[in-house]
Amino acid sequence: MKLLAIDTATEQCSVALIQGMACLERCVPTPRGHTDLVLPMIQELMAESGVALTQLDAIAFGRGPGAFTGVRIAIGIAQGLGYALGLPLVPVSDLAAVAQQSVDRLKEGEHVLVCMDARMAEIYSGLFERGKAGLVVPVRDEELLLPENISLAGSNPRMGLGTGFRAYPVLRELCQGMDIDEHALPRARDIARLAVADYVAGLGMAPDQVAPVYLRDQVVHVKAG
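For the sequence shown, the numbering used here gives the first residue as 1232, with consecutive numbering after it.
Structure below.
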C-alpha cells in the first residue's frame, strides 16, 4: 500500500507518504505560502522514498475544517493528481487528524476533545474516542460554535487538543482536569494513517466526488454601511 497525504488547512503545511509500514513526512510551520511550498515538498518526499507518483494507490488530503484558502489548496492539488494519475482520493477530517496525535496516550474507548481556533471568536470542535487498531473515531458531529458553548455532556474527555485552547482561555476553564495541548495542529502523517483504513474499507472516492468541509457557511463577512 502506497498512499500520499497532503494537508494545508492550518498554519502548517505537511505531506506524508505511507509505504507499507513505513511513513515519511515533510512538515513546515507557516502562516501562508502553502501553494509555493506543497508541490516541492511532494517532489522531495517522492524522491527520498524512491516511489514514483505512478506507483501510488491513493491520495489523501485534509478536507477541513480549517482556513478557507488552505483547505482549497489541498483539495485542488489532490484532485489534480487524482485526475492525472487515475487515482482515488480519501478525504480525512483535520479535527480527526489532530485527535489521532493523542492515540498512544488513550485507552480504547477514552475520549479526546479537539478545539481549533476558527477566528471570528469561534472554534471548530470535535469529540473523538480511541477505537480499535489504534485509530480515533468520531463520537459526535463536528461543530462550529462559540467557545463558551462547548458541551461535555455525556463524555469525560481525558485530553484537549488544538489552538482553540490557546486563543480562548474560557475553554481551559470549562475543561479543567484535562491534559491540554494548545499547540496541536493537523499533520499529514496522521491523515495518512486514518486514510489507509478508509481506503481499505472501500471509502476511496473519484476526484470529482470530493468536497471541502468548512462548517462555516459564510466565509466572507461584508461590513454594513
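Positions of the beta carbon are idealized from the N, C-alpha and C atoms, including for glycine. Predicted model only: the values in this text are computed from it and were never measured.
My guess is that residue i and residue j are in contact by the Cβ rule of under 8 Å, so how many angstroms apart are they, rounded?
| i | j | result |
| --- | --- | --- |
| Glu1373 | Leu1326 | 6 Å |
| Thr1241 | Ala1298 | 6 Å |
| Ala1423 | Ala1236 | 4 Å |
| Pro1417 | Gly1293 | 6 Å |
| Ile1290 | Leu1320 | 5 Å |
| Gln1332 | Leu1248 | About 18 Å separates the two Cβ atoms, so there is no contact after all. |
| Arg1361 | Gly1340 | 7 Å |
Go ahead and pull the three-state DSSP assignment for residue i.
| i | result |
| --- | --- |
| Leu1446 | coil |
| Pro1378 | helix |
| Ala1415 | coil |
| Met1272 | helix |
| Glu1460 | The structure shown does not extend to residue 1460, since the chain is modelled only from 1232 through 1456, so no value can be given for it. |
| Val1329 | helix |
| Ala1432 | coil |
| Asp1288 | coil |
| Pro1322 | strand |
| Ala1298 | coil |
| Tyr1399 | coil |
| Pro1438 | helix |
| Val1453 | Caution applies to Val1453, whose pLDDT of 37 falls short of 50 and renders its modelled position unreliable; the value that the coordinates give is listed next. Coil. |
| Ala1423 | helix |
Identify the residues that DSSP records as bridge partners of residue i: which are they?
| i | result |
| --- | --- |
| Ile1354 | Asp1348 and Leu1376 |
| Ser1280 | Ser1280 is not bridged to any residue. |
| Glu1256 | Ala1247 |
| Glu1360 | His1342 and Val1368 |
| Ile1237 | Val1246 and Phe1292 |
| Asp1410 | Met1390 |
Using alpha carbons as the reference points, say which of the options lies closest to residue i.
| i | options | result |
| --- | --- | --- |
| Val1302 | Thr1266, Gly1433 and Met1277 | Thr1266 |
| Leu1318 | Tyr1445, Val1444 and Gln1440 | Gln1440 |
| Val1329 | Ala1253, Met1390, Leu1383 and Tyr1445 | Met1390 |
| Tyr1399 | Gly1362, Tyr1355 and Gly1264 | Tyr1355 |
| Cys1346 | Asp1335, Gly1385, Pro1271 and Phe1359 | Phe1359 |
| Ser1245 | Glu1339, Ala1253, Glu1275 and Pro1378 | Glu1275 |
| Gly1395 | Gly1293, Gly1357, Arg1371 and Ile1249 | Gly1357 |
| Gln1243 | Leu1383, Gly1362, Cys1254 and Met1272 | Met1272 |
| Leu1270 | Thr1300, Arg1371 and Ala1309 | Ala1309 |
| Val1323 | Ala1305, Val1370, Tyr1314 and Asp1348 | Ala1305 |
| Leu1255 | Tyr1430, Met1277, Leu1446 and Leu1405 | Met1277 |
| His1342 | Ala1384, Arg1257 and Gly1435 | Ala1384 |
Would you say the beta carbon of residue i comes nearer than 7 Å to a heavy atom of the ligand PLP?
| i | result |
| --- | --- |
| Gly1365 | Judged by which ligands are present, the structure shown has none, so any question about the ligand PLP falls away. |
- Task: Kindly confirm or deny that the region 1271–1288 and the region 1406–1413 touch, where touching means at least three C-beta pairs closer than 8 Å.
- Result: no
- Is the region 1376–1391 in contact with the region 1420–1434, if contact means three or more CB pairs nearer than 8 Å? no
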